[in-house]
Every structure is written in C-alpha cells, then in structure tokens.
Amino acid sequence: MDMFDLSLIWALIIGFGIMMYVLMDGFDLGLGILFPFAPDEDARDVMMNSVAPVWDGNETWLVLGGAGLLGAFPLVYSVFLPALYIGVFLMLAGLVFRGVAFELRFKSRKNRHWWNRAFCWGSSVAAFAQGAVVGTYIQGFETENFAYVGGAFDWLTPFTVLTGIGMMIGYALLGTTWLILKSEGYIQEWAYRLTPKLLVGVVMIFFAISLWTPFVNPVVWQRWFGNIEIIWILPGLATACMALLVMSIRQRRELLPFLSTLGIFLFTYLGLVVSKWPVIVPPNYTIWDAASAPESQLFLLIGVLFVIPIILTYTAWTYWVFRGKVKVGEGYH
Amino acid sequence: MELDPLVLSRIQFAFVVSFHAIFPVFTIGLASYIALLHGLFYKTENPAWERLAVFWTKVFAVVFGMGVVSGIVMSFQFGTNWSNFSQAAANFLGPVLSYEVVTAFFLEAAFLGVLLFGRGKVPQGVHLFAAIMVAIGTFISTFWILSANSWMHTPAGVEFTDNSFYVVSWMEAIFNPSFPYRFGHMALASFITGGFVVAGVSAWYLLQGRDVDANKRALSMCLWLLLILTPAQALMGDFHGLNTLEYQPTKVAAMEGNWETREGVPLLLFALPDQEAQENRFEVGIPKLASLILTHDLDGEVPGLNEVAVEEQPPVSIVFWAFRVMVGLGFLMIAVSLAGLVLRRGGRVYEHRGFLQLLRVMSVTPFIAVLAGWIVTEAGRAPWLVYGIMTHAEGLTPSLTGGMALFTLLGYIAVYGVVFYAGVYYLTRVVRNGMVPKEEERLIDEVERPMRPWSATHIPFDDDPAPAERS
Ligand code: HDD
Ligand code: HEM
Ligand code: HEM
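Take a look at the structure:
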C-alpha cells in the first residue's frame, strides 16, 4: 500500500470534484443571481430552460464532494462544517429553495413571482456562502487537537464578505457568458452588454483580494513573494483568459466568452490551491494529517474510480443532447 | 434559561432525518410497484397496467424530488452537529455513506431519466429494464444507509483506539448483527407503505367512480400484497426484537416498560412510565406474555432497566409509547388486510363504501408507524450514539453553542415547512387530476426535456392562468 500515496490520489480526486462543482453549478447559480435583472419574463424562461436539463446533475457533485470528504479527509469535514455552521445552513437552505423553485416555477402561473424570488434568493445566498467558504479557507481555522474551537461567526469577516461577493459576481459572469452561448436576439444582446461590467467587478475584487490576503495570511504571502516564481504562471494565465474574454466579446463570439470565463475560474482556483498546498485545514493540518485510515481510503477508491468515468460520460452526453440555442416559448412550461 | 446544544442538536437531527425518511420509505415501495406494473404491461399488453404505471410514475417523480433535496441536507448533518462523531467514525461511515451516494448517482445517471421520460422513445423492454433498475437502485441505497445506522446500534468489525474506529473487517462491519433484521423490517415497511398508499388512492378513485377498471385491479393487487406483508412484518418485528434483546437489552426493557429484571413479566397494554420514580403508573397488562414472547417461556427472565445506571437509561416513556403506536398500527393493518380478504367474496371490496373510506384513512398509517419505529430504535439507543462506545455528548460538535443550534433548528423547520407544504399541495393536485387519457399523454410527451424529476408531471401548481404576466 506504500507504493502509492493514497492521500495524494484522494486530494486530486476531491480537488477535481470541487472544481467540477464550481464550474458546473457556477453558471446556473449565476443565472439565478441575474434573474431579477433580466429584461422580461420570456428571458427568464429562456434562462431557466437553458440550465433546466443539467442543474440536477451539476449539484450531485456537491453531494459526492461532501461524502467523499468524510470518507477520505474526515478532518476537513469535521472542521469546515462546524466552523461554517451558519453558512452551511444558509447554503443548504438556498439550495433547497432553488431546487424546488426550478420544479414549481414552470408549473405556477399565479404564484410565479414567488418562485422567481425563491430562485434568485436561493442562488444568491448559496453563491455567497460558497465564496465565504473560500475566504475562510484563506483565513484559516482556529483548531486545537484536531477540532474546531473558534466561534460561530469567525467565518463572517470583512474579508470573507468580500470573497462572498466576489463569488457572486464571478458566478454571474459565468451565467452571462453561458447565456451568450445558449440564447439569441435581445436576450443574447443583454448578456453581451452585461458581461464587461461584471468582468470589471471581478477584476476589482480579484485585486482587492490579492492585496488583502497578505494581511490575512502571511504564509500565503511568503509563498508568492518568497522565491517560487513558477507559480506566477497561474495568475498570468488567468489574466490572459480575461483578455481573451474582452476580445471575444468585442468580436461577438459565442462559445469563446464562456470558455475563457471557465479559464479564469480554473486558473484562479489552481492559484488558490498552490498557495496552500499541501495544507488542507489551514493553518495546521496537511492532507496527510487530515486523511482517514489507508484501508478506508482504498476501499472507497475502488468504487469511486469505477463510477466517476460513468458520471463524466453521462454528463457529457446530456450536454450534447441539449446543445444549441434555447428559444423563447420553447421547452416546457 | 440555558440553551443546551446537545438537546437541540438531537431534536434537529431527529427532525431533518424524519422529514427525509418520509419520502424514501414511500419511493422504495413505489419503485418496485411501478416496475411490477411495467412488467405486467409487458407481458399482457393490457393498457390498464400502462395507465396505472404512468400515473404512479408521476407521483413517484414528485416524491423522489423531495427525497433528493432533503437528502442533500442530511449529508451535511453529521459534520455540522456531530463533528466529533464524524471524525471518530469516518473510517467506516465515510466509505459507506459515499457508497450510497455513488450508487444513487449510478442509478440516477443511468436509469431514472429513461424511466421518467423514455416512454415511447425507447423500446418497451428497455423501459421495463430501467424501471427494474430504479427499483433495485433504491434498495442498494437502503442497504448502505441501514448498514451505517445498524452499525451504530451494534458496532462490529472495528477497533476503537485513539478516539477513532479502525475497520478490521469490512464484512463484519457492513453485515453487523442487527443489520439483516433492520434491513428486512425496513424493506417490508416500504412495501407496506407503498401498498397502503396505492390502495388508499385507488379506493378514493373508486368512491368517485373514476377509472373503475384500472383502479379495481390496483386495489385488488395491493390487498393481496398487504395480506401477505402485514403478518410478515409482525413476524419480522418479532425477530428484530429478539435480536435487540441480545445486543441492546436496555432498549427492550424500555419498550416493555420493565424496570426490574425478573421472571414472568407481563405484556403491558397501558402504563405511564415514571422515570424519576423508576416505576410505572396505571399498569394494565397481560400476565407473563412478555416473558413468553421474548424468551418463549412463561416464566422466562427478562432484563430490566435496573441493569444499567439511571443516567444510562433511554427516555422510557418515549420508547414505550412509540413502540405501542407502531405495533398497534401493525395489528390494525393486519386486521384491515383480513377484512379485505373477507369482503372479496362477491366482489364487495370494490363497492363497500365504509371499507373504501377506511382504506383512504389507512394510507397515512404506515408513515406514522415508520416514524414511530425509528423513534423506538433511535431514542432507545440513548444515551449511546455508537452503542456502548460513544455517547451523544461525546459525539457532539465541541464548538457548537445553544444559540447556533436553535437558529438552525428553527431555520430547518421554516424551510421544510414551506417545501413540504408546496410539495404536498402539488401532490394532491396530481392525484386529483388522476389518470390522463392516453391521447393527451402522447401530446405532452412531444415537448419533453429529461433530467429533472418533477418534469415527469405536467399538472400546473395553481390555476388561474394569467397570460398578462408573461409578456
Ligand atoms: C431507508 C432508506 C433511507 C434512509 C434511512 C436514508 N435515506 Fe437518503 N435516500 C434514500 C434512502 C434512505 C433513497 C430512496 O435512496 C433516496 C430518496 C430519494 C432519492 O433520491 O434517493 C435518498 C436520497 C438521499 C440523498 C440524495 C441523493 C441524490 O442526490 O440522489 C442523500 C444525499 C441522502 N439520501 C443522504 C441520506 C443520509 C445522510 C441519511 C441518514 C442519516 C439518509 N439519507 C437516510
Ligand atoms: C430514516 C429514518 C430515520 C429516522 C426516522 C431516524 C430518527 C431518529 C430520531 C427520532 C432520533 C432522535 C433520538 C433521540 O435523540 O432521542 C435519531 C437520532 C440519531 N440518528 Fe436516526 N433516524 C433515521 C435514520 C438514521 C440513519 C440512517 C442514521 C445514520 C446513518 C441515523 C443516525 C442518527 C444519529 C447520529 C442520531 C443521534 C442524534 C440524536 O440523538 O438525535 N439515523 N434518529
Ligand atoms: C406488528 C408488529 C411489529 C413488531 C413486533 C415490530 C417490532 C419492531 C422492533 C422490536 C423494532 C425496534 C428495533 C430495534 O431494537 O432497534 C422496530 C423498529 C421499526 N419498525 Fe417495527 N414492528 C412491527 C410493525 C411495524 C410496522 C407495521 C412498521 C411500518 C410499516 C414498522 C416499522 C418500523 C421501523 C421503520 C423501525 C425502525 C427501523 C428498525 O430498527 O428496523 N414496524 N419494530
């Protein structure tokens, strides 16, 4: 068993799972955040229809992430969740409302505006809570003897509020670029107009976070401005993706804006990971401290390695089946 | 008043898990029923079976959707409120719960979409196959979660060192001593739930004279099924209780309201257990019957609550009464099934209005029995979280305060209140609408998009189409 480092394999799997979740659920949460600003009710129909066939699958990555963490890195599970107790509740409540709104909005007529609201608030709260998780992760946790000992609102600081809002704007950006891909006519035009504004917001928050982080966490500062230069390639690539986004919007391209936004997220995410690696429960515990027993990691690995390819194939297939534009009045109500 | 995070967390856990449990217990039974209907249609080509299958698939879709959203909440509960327990038991619980997710994924990914939306798009055989796979999938899911739960009642196959459990034998841990009984009892409970709900709804349609042919068939099928299953459940429950007597004697003592170890213990029909005085008030019982049931000997010795310290006793009245609710309903169910058999002579079951009304009411009883059963099991385990090894207090999240726990408890009650109201309201509309004639169904199928469970139904959530709002 010493031949492979199971914890390392698991870190890669979980890292991949979280990234899949952020990229995939991100754009549908983003559409929820943008819901109140949509030009009209038809546009809202199109927005919802464009994610209707896939959002359920997107969210299952979250469940897999939660259970997978308990199986492979129980310490993460048993520190993050108590530390973010209230935030986790808000996120779950948001996701529940959103899930139900998805189903019932189409079936309501008289009460539709209530489901619109539930959808928007659910999405916004869930996105904010997820951003706050990232902020808390950068900040670190007060732990003692492998348990969280901080207070109920340690996760809610000006810094995490900033990362929370950043996540909302970022998801909204994923949402508009997705909409550019999936819609046409005045709805697409609306998305084109909104994208640069959101990008400006993302860039500003990006900078603010970068400047602020050293005050929040000196270790991260050390890693970036110590002597490891190679990691600078990640923010470099993220910036390149931003440039690509601006260019592709100018040229009114359809697929490229979405892809470059995914790129921005991907490289920022990787940047965050390398800032901390191999610490997984900052500041004290590495992936090896947080790991479950090797026999448990191995037992679970067998099942997961078998199922992930199936999920990926199936996911790709659904996206393929539902490719193409969503038109006004199409789909079901 | 000091808010106790322990008590609040227990209430919260009990609330969210009970809420969640209502849905699976129904979908598990219903999935098998739907597969059966598809099988019958496949074999006999009788369209009545198909219409029934289509209708119940709609109901299934809604209930399944509620199961999913409440399930997502469940998967975070262990970490938020029971982090010490999660940390300690992760080596076993983590893989087992993940396997549940992974198998649920597998099921959802491959077959649910085909079952809900594949009619007319895939060959009939494939559709039947998908229905069977969904039914099997719900059982795989039940298997893992009950294994996890049973292990907490009768831990096996693990070593407890340094405050953590290490698995030494996966076989022994997964197939722990109480698991086969709990799985069997729960599987029967799911079938019984499905049976009584379908019977109740069919009876309601028959009372209104709607779709008489199809509903007669459904009702007759359910009644045969229940005639076999309800006594089987009592038997299974007896085995389960004997297993509990072996591994958790204190729980059995609480169920029987037996304070002292003694011989020739009566079966109590009524009593008000008084934990402080360690005795019962107003006892009414049948002499020696409990000894007979538990030891198969009229003068057999039955362990009492005095075997353990007072602090290690479970809340006796809760366990005592929940047990009586479950068993009482169990016998009521047997009686109703027998009445159905008697009324079959001359086909009176389909016309006897009193009986049909009774069946309508009976459709809620399995849910009550199931929740009561879980309360017996779970409250009877107190104060242990992992029986004999870790208490609730030791498993609690150390940083949790009473205020935090109260906030989320009220929050979950509010969220679930809204969701449950919307879900049940919508479900009653689906049932009111009944079975749509075949032609209409086909039309609706044309504009379909798969994936989301509820899109399997098309009934509006409210009436009053206000077209003005849509411009
Ligand atoms: C006896 C059966 C049973 C019991 C005791 C539980 N569940 Fe469950 N659960 C199911 C049977 C089930 C199911 C039948 O498989 C569901 C219902 C609807 C569905 O999607 O699958 C489900 C759904 C479901 C989901 C959604 C899966 C998805 O995305 O499809 C999650 C995350 C959980 N459950 C988690 C839990 C946890 C953490 C439990 C206990 C603490 C629990 N369940 C008790
Ligand atoms: C699905 C049906 C279930 C129902 C209705 C149910 C019900 C309950 C109830 C009523 C309690 C409270 C007992 C008390 O505090 O006195 C409880 C406790 C608990 N149950 Fe279950 N349970 C179910 C399944 C499970 C499963 C599958 C697991 C684990 C895998 C589990 C784990 C726990 C834990 C950890 C507690 C302790 C917290 C507490 O005491 O409230 N339960 N459950
Ligand atoms: C009629 C006679 C019945 C008997 C003798 C019986 C017996 C029992 C016993 C002894 C337990 C506790 C197991 C433990 O120690 O943990 C139990 C639990 C339970 N019962 Fe029953 N039961 C009966 C009927 C029913 C019915 C009709 C239902 C539902 C339709 C039901 C559903 C449950 C459930 C869900 C549990 C909790 C899960 C478990 O531990 O299996 N029971 N039953």
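As given, the protein sequences belong to chains A and B, one line each in that order.
If you're matching positions, the first sequence starts at 1 in the numbering used here and goes up one per residue.
If you're matching positions, the second sequence starts at 1001 in the numbering used here and goes up one per residue.
Think of the CB as a built atom: it goes at the ideal place given N, C-alpha and C, for glycine as much as any other residue.
Computed from a predicted model, the values in this text were never measured in an experiment.
For chain B, the residues of the segment 24-54 of chain A that bring a beta carbon within less than 9 angstroms of one of its beta carbons are ASP40, GLU41, ASP42, ASP45, ASN49, ALA52, PRO53 and VAL54, in chain order. Burial check for B/PHE1196: the Cβ neighbour count within 10 Å reaches 16 or more, so the residue is buried.
Residue range 1279-1286 is occupied by the beta strand (DSSP E) that includes B/GLU1279. Interface criterion not met: the Cβ of B/ASN1149 is under 8 angstroms from no Cβ in chain A. B/SER1337 sits in a helix when the DSSP states are folded into three classes. A/TYR319: not part of any beta strand (DSSP E); member of the alpha helix (DSSP H) spanning 294-321, first to last residue. PHE146, ALA147, TYR148, VAL149, GLY150, GLY151 and ALA152: these are the residues of the segment 144-163 of chain A whose beta carbon lies less than 8 angstroms from some beta carbon of chain B, given in chain order.
Check the Cα spacing between A/TYR314 and each of B/LEU1305, B/GLY1094, B/PHE1076 and B/PHE1111: the tightest is with B/PHE1111.
If you look at B/TYR1166, you'll find it isn't in any alpha helix (DSSP H); it sits in the beta strand (DSSP E) that goes 1164-1167. Pairing B/THR1261 with B/GLN1208, the inter-Cα distance amounts to about 55 angstroms. For B/ALA1271, there is no enclosing alpha helix (DSSP H); the residue is found in the beta strand (DSSP E) stretching over 1267-1274. A/GLU254 has a beta carbon lying at 8 angstroms or more from every beta carbon in chain B. Of the candidates B/ARG1281, B/LEU1338, B/GLY1300 and B/GLU1279, B/GLY1300 places its Cα closest to the Cα of B/LEU1289.
In the DSSP secondary-structure assignment, A/ARG105 is not bridged to any residue. Taken through DSSP and simplified to helix, strand or coil, B/MET1066 comes out as helix.
Collapsing the DSSP output to three states places A/ALA152 in coil. In the DSSP secondary-structure assignment, B/VAL1158 is bridged to B/VAL1167.
Residues of the segment 57-72 of chain A whose Cβ lies closer than 9 angstroms to any Cβ of chain B, in chain order: GLY57, GLU59, THR60, LEU62, VAL63, LEU64, GLY66, ALA67, GLY68, LEU69, LEU70, GLY71 and ALA72. Distance from the C-beta of B/TRP1321 to the nearest heavy atom of ligand 3 is not below 7 angstroms. Interface annotation, A/PRO74: in contact with chain B, CB-CB separation under 8 angstroms. For A/VAL281, there is no enclosing alpha helix (DSSP H); the enclosing beta strand (DSSP E) has its first and last residue at 279-281. The beta carbon of A/GLY303 sits closer than 8 angstroms to some beta carbon of chain B. Under DSSP, B/ARG1345 takes part in no beta bridge, so it has no partner. Interface criterion not met: the Cβ of B/TRP1374 is under 8 angstroms from no Cβ in chain A. Not one heavy atom of ligand 3 lies closer than 7 angstroms to the C-beta of B/GLN1012. Here DSSP, grouped into helix, strand and coil, assigns A/TYR285 to strand. With respect to the 8 angstroms criterion, B/MET1066 and B/PHE1015 are not classified as neighbours on the basis of their beta carbons. With fewer than 16 other Cβ atoms from the protein chains shown falling within 10 Å of its own Cβ, A/SER210 counts as exposed. Closest in C-alpha terms to A/VAL220, from the list A/VAL279, A/PRO53 and A/TRP288, comes A/VAL279. Against chain A, a Cβ distance below 8 angstroms from B/VAL1419 picks out VAL96, PHE97 and VAL100. Across the structure, B/GLY1330 and B/GLN1233 are spaced so that their CA atoms are roughly 8 angstroms apart. Per DSSP, the beta bridge partners of B/VAL1302 are B/ARG1262. Among the residues of chain B, those whose CB is under 8 angstroms from the CB of A/ILE86 are MET1404, PHE1407 and THR1408, following chain order.
The C-beta separation of A/MET47 from A/TYR269 comes to about 25 angstroms, leaving the pair out of contact by the 8 angstroms criterion. When rounded, the separation of the alpha-carbon atoms in A/LYS110 and A/PRO283 is 52 angstroms.
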